[in-house]
Amino acid sequence: GESVGLHLPTLSVQEGDNSIINCAYSNSASDYFIWYKQESGKGPQFIIDIRSNMDKRQGQRVTVLLNKTVKHLSLQIAATQPGDSAVYFCAERGDTGRRALTFGSGTRLQVQP
Amino acid sequence: ETGVTQTPRHLVMGMTNKKSLKCEQHLGHNAMYWYKQSAKKPLELMFVYSLEERVENNSVPSRFSPECPNSSHLFLHLHTLQPEDSALYLCASSRKGLQEITEAFFGQGTRLTVV
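First to last, the protein sequences are chains P and W. For the first sequence, the residue numbers in our numbering are 1 to 113. For the second sequence, the residue numbers in our numbering are 114 to 228.
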């Protein structure tokens, strides 16, 4: 299910390390952001979301940081596990009627055992 | 499982064929979406349905025809496709409040190959 053929930036980490995946968005009017994980042969899976009135939100082993000044979003994964290997996408809800999400091109995370 | 089911998982069709992709959700969501994921581009929004009414069509060629008979089902009818239409077609649904989308739940996708 991943974007095979699309040149994706790749982050390679050792099992147990922390991972940080970054995303730059372009629409300063976007008010809601989501991180998705897509494993091979599967559809994107919701990980965590954040609204623009927040700058940090934590989930189980994951943290999303939002910097609206520089239009930057990051996903931090603590104690990365082999099962975290996947393509990660950020998505934003812009101001075109707020009806749908716009996705970034994704980052491939490879976890080395 | 996300609660969004797509069938078939894989489809190979000739350029003169007519086929349909099916999506079903039982999450009580009132908005459904078709996205295209191809090898050379990020996820592209194709169609948005809210309360069974199509509210957005992102300049998709007419050889793709969506149908939303009720809030739980969404179809994508395909006819006279081109090889460049080969891609992973993803269905998603979401609960919308005040016309604003929240998180979208995706199906597993249909891998379409046009020969």
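Every residue, glycine too, gets a C-beta built ideally from N, C-alpha and C.
message: Quick check on I20 (chain P): buried or exposed, where buried means 16 or more other Cβ atoms within 10 Å of its Cβ?
response: exposed
message: For chain W, check one thing: does any of its Cβ atoms lie closer than 8 Å to the Cβ of S105 (chain P)?
response: yes
Contact with chain W by S26 (chain P), beta-carbon distance below 8 Å: no
- prompt: Just by C-beta distance, which residues in the region 30–42 of chain P are closer than 7 Å to chain W?
  reply: I34 and K42
- prompt: According to the neighbour-count rule (16 or more other Cβ atoms, all chains shown, within 10 Å of its Cβ), is N18 (chain P) buried or exposed?
  reply: exposed
task: For G210 (chain W), decide whether its Cβ has a neighbour in chain P, counting only Cβ atoms nearer than 8 Å.
output: Confidence is the limiting factor: at G210 (chain W) the pLDDT is only 47, short of 50, which leaves the residue's position unreliable, though a coordinate-based value still follows. G210 (chain W) does not count as touching chain P.
- request: Tell me where the beta strand (DSSP E) around E39 (chain P) begins and ends.
  value: That residue, E39 (chain P), is in no beta strand (DSSP E); it is neither H nor E in DSSP.
- prompt: Are Q45 (chain P) and V62 (chain P) close, meaning C-beta to C-beta below 8 Å?
  reply: no
field: Pick from P:P113, P:G104, P:Y32 and P:Q110 that is closest to N53 (chain P), judged by C-alpha positions
entry: P:Y32
Nonlocal neighbours in the same chain, by C-beta distance under 7 Å from Q221 (chain W), ignoring five residues either side: Q119 and R122
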